[in-house]
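In the numbering used here, the protein residues as written are 86 to 323.
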């Protein structure tokens, strides 16, 4: 079967990162049908609470694309997903972002040095850069990861909170901006343990509003299934 799939890819073009089928019309990663599906999913953006913006729901297609961003060395997928979302100016989330006190400071969740060496880049930084471009904001590396933590995906809510407790510290500039909004940026929001740990690092007395923006919203009930799916995908890729 793999032989025939490879032959189809050779004859008809590369495989779509969404459905896995060969296609001549990739854009460059998705076939036309998956592009339409991504557009439909963008309309299902989520606000898990008043301070959190999630551009897409966790579905097989969006999970595959974020997996490609994190594990298949495709950092350009961050820009691709942001540009296909409703974070663009004039669209739904773009309008919500525009209503926040300006300018916007996008602060990526930092990777530990070991993970950065393994991956070669921080996917949260790539997402933050893409958001800054479409919103007119700027990327600010105001957080540092102090400890290496295990994957959050397979942990319960309580275990997630314990896993990242005290994992981050703030590194602010000498002259803090007099206004604007800080948005913590990550790839997936599930229970909010990681981003909450980042918010806690800023402290309650921080003078600027603090928000969160992620690519995907994964409902906690489905997190374990998503972890197992990610493991299978990573194994297949290797």
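Where a beta carbon is used, it is the ideal one built from N, C-alpha and C, also for glycine.
Let me know if residue i comes out buried or exposed under the rule of 16 or more other beta-carbons within 10 Å of its beta-carbon.
i           : result
residue 143 : buried
residue 207 : buried
residue 125 : exposed
residue 170 : buried
residue 232 : exposed
residue 235 : Per-residue confidence for residue 235 stands at a pLDDT of 49, beneath the threshold of 50, marking its modelled position as unreliable; no derived number is given.
residue 195 : buried
residue 210 : buried
residue 158 : exposed
residue 121 : exposed
residue 112 : exposed
residue 303 : buried
residue 205 : exposed
residue 229 : exposed
residue 290 : exposed
residue 182 : buried
residue 222 : buried
residue 200 : exposed
residue 160 : buried
residue 259 : exposed
residue 82  : An answer regarding residue 82 cannot be provided, because it is not within the stretch 86 to 323 covered by the chain.
Return helix, strand or coil for residue i, following the three-state DSSP convention.
i           : result
residue 121 : helix
residue 245 : Low per-residue confidence applies at residue 245: pLDDT is 44, beneath 50, and the placement is therefore not dependable enough to give any value.
residue 203 : helix
residue 304 : coil
residue 196 : coil
residue 299 : strand
residue 293 : coil
residue 230 : strand
residue 318 : Low confidence applies here, because residue 318 scores a pLDDT of 44, under 50, leaving its location unreliable; read the following figure in that light. DSSP places residue 318 in helix when its eight states are reduced to three.
Hey, residue i and residue j are a contact pair by Cβ (cut 8 Å); roughly how many whole angstroms apart?
i           : j           : result
residue 185 : residue 299 : Their Cβ separation, rounded to whole angstroms, is 16 Å, which puts residue 185 and residue 299 out of contact at 8 Å.
residue 276 : residue 305 : 5 Å
residue 268 : residue 190 : 7 Å
residue 115 : residue 106 : Their Cβ separation, rounded to whole angstroms, is 11 Å, which puts residue 115 and residue 106 out of contact at 8 Å.
residue 102 : residue 150 : 6 Å
residue 286 : residue 255 : 5 Å
residue 262 : residue 226 : The pair is not a contact, with the Cβ atoms about 15 Å apart (cut-off 8 Å).
residue 168 : residue 224 : Not confirmed; about 16 Å, so no contact.
residue 272 : residue 280 : With 8 Å as the limit, residue 272 and residue 280 do not qualify as a contact, their Cβ atoms being about 11 Å apart.
So does the stretch 208-216 actually touch the stretch 162-181, counting three or more Cβ pairs closer than 8 Å? yes
Threshold first: 3 residues or longer. Then list the beta strand (DSSP E) segments lying entirely within the stretch 255-290, N to C. Runs found: 266-274.
Threshold first: 3 residues or longer. Then list the beta strand (DSSP E) segments lying entirely within the stretch 103-156, N to C. 137-142
Where in the stretch 155-190 do unbroken runs of the alpha helix (DSSP H), each at least 4 residues long, occur, reported from the N-terminal end onward? 162-168 and 177-183
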